[in-house]
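Note that this note's numbering gives residue 49 to position 37 of the sequence shown, counting from 1, and the numbers run on in steps of one.
Here the structure is laid out as structure tokens; the discussion comes afterwards.
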Amino acid sequence: MKHFVIPLFFATLCSTLLLAQPRRVIDLAGTWEIAEGSMERAPGRFDHTVSVPGLADMAVPPFQSVGVKEVTDTLREAFWYRRTFAIKGRIPEVTRLKVHKAMYGTRVYLNGHLVGDHMPGFTPGYFNVRPYLRGEGKPNELVIRVGAARSAIPGKYMDGQDYEKIRYIPGIYDALTSV
Numbered sequence: 013m014k015h016f017v018i019p020l021f022f023a024t025l026c027s028t029l030l031l032a033q034p035r036r037v038i039d040l041a042g043t044w045e046i047a048e049g050s051m052e053r054a055p056g057r058f059d060h061t062v063s064v065p066g067l068a069d070m071a072v073p074p075f076q077s078v079g080v081k082e083v084t085d086t087l088r089e090a091f092w093y094r095r096t097f098a099i100k101g102r103i104p105e106v107t108r109l110k111v112h113k114a115m116y117g118t119r120v121y122l123n124g125h126l127v128g129d130h131m132p133g134f135t136p137g138y139f140n141v142r143p144y145l146r147g148e149g150k151p152n153e154l155v156i157r158v159g160a161a162r163s164a165i166p167g168k169y170m171d172g173q174d175y176e177k178i179r180y181i182p183g184i185y186d187a188l189t190s191v
């Protein structure tokens, strides 16, 4: 099995040297628009802002009873985050969005296209955004949906259940980058 490691490493090293292009990372942290709504459809209006990384209870103006299950279930199913950004120049051949950590379940849309889902909240989600990304300084609209409560996560995934907790606050709580 050792004989596969050297050729793979050599091929990776050669392709990196031949391309000789530095890796670009776009930090998408900052102020985002946020709205509450259903799991299936993005809201028509985004009337609040929130810091990413951060949690939905940090929104301005604040949402009512974020993370309180008995109240949350009657108010909303999900939180929707939105922001625009531009990419200078051409789009690289490999372009990924990395949502480092988000609760509860991540669904990503770029420029109106569904990119994908990532359910676990304690591991990063990687999304191939290249097919939908616009370069040359054109605007891109990124929308990310997270569930409003632990109930948004299918039973086969870890959801952070802890009997001592009384609030389970959703949000994009770690870095967000495009590579």
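From the three backbone atoms N, C-alpha and C, an ideal C-beta is built for every residue, glycine too.
Which residue or residues does DSSP assign as beta-bridge partners of residue i?
i	result
Val155	Arg94 and Tyr121
Ser63	Thr43
Leu87	Partner(s): none; Leu87 has no beta bridge.
Glu105	Glu105 pairs with nothing; no bridge assigned.
Is it buried or exposed for residue i, if we count other Cβ within 10 angstroms and need 16 for buried?
i	result
Arg88	buried
Arg53	exposed
Glu48	buried
Leu126	exposed
Pro73	exposed
Arg102	exposed
Within a Cβ cutoff of 6 Å, which residues of the same chain sit near residue i, ignoring the five residues on either side of it in sequence?
i	result
Phe97	Asn152
Ala203	The chain is shown only over 13 to 191; residue 203 falls outside these bounds and no answer can be derived.
Leu122	Val141, Tyr144 and Leu154
Met51	Glu89 and Ala90
Ala68	Val78, Phe91, Pro182 and Gly183
Excluding sequence positions up to five away, which residues of its chain have a Cβ less than 7 Å from the Cβ of residue i?
i	result
Met70	Val62 and Ser63
Thr43	Thr61 and Ser63
Ala187	Ala41, Pro65 and His112
How many Å lie between residue i and residue j at the Cα?
i	j	result
Gly192	Thr107	Here the chain covers residues 13 to 191 and nothing more, so residue 192 does not appear.
Tyr138	Leu109	6 Å
Pro119	Asp129	Pro is not the amino acid found at residue 119; the sequence shown has Arg there. Between Arg119 and Asp129, the C-alpha separation is close to 4 Å.
Phe134	Tyr116	10 Å
Pro34	Gln76	45 Å
Determine, for residue i, whether the minimum Cβ-Cβ distance to residues of chain B falls below 7 Å.
i	result
Val80	The structure shown contains no chain B, having only a single protein chain.
Enumerate in chain order the residues of its own chain whose CB-to-CB distance from residue i is below 8 Å, with the five nearest sequence positions on each side excluded.
i	result
Arg57	Ala47
Pro55	Ala47, Glu48, Gly49 and Trp92
Phe16	With a pLDDT of 36 at Phe16, under the threshold of 50, the modelled position of this residue cannot be trusted, and the question is left open.
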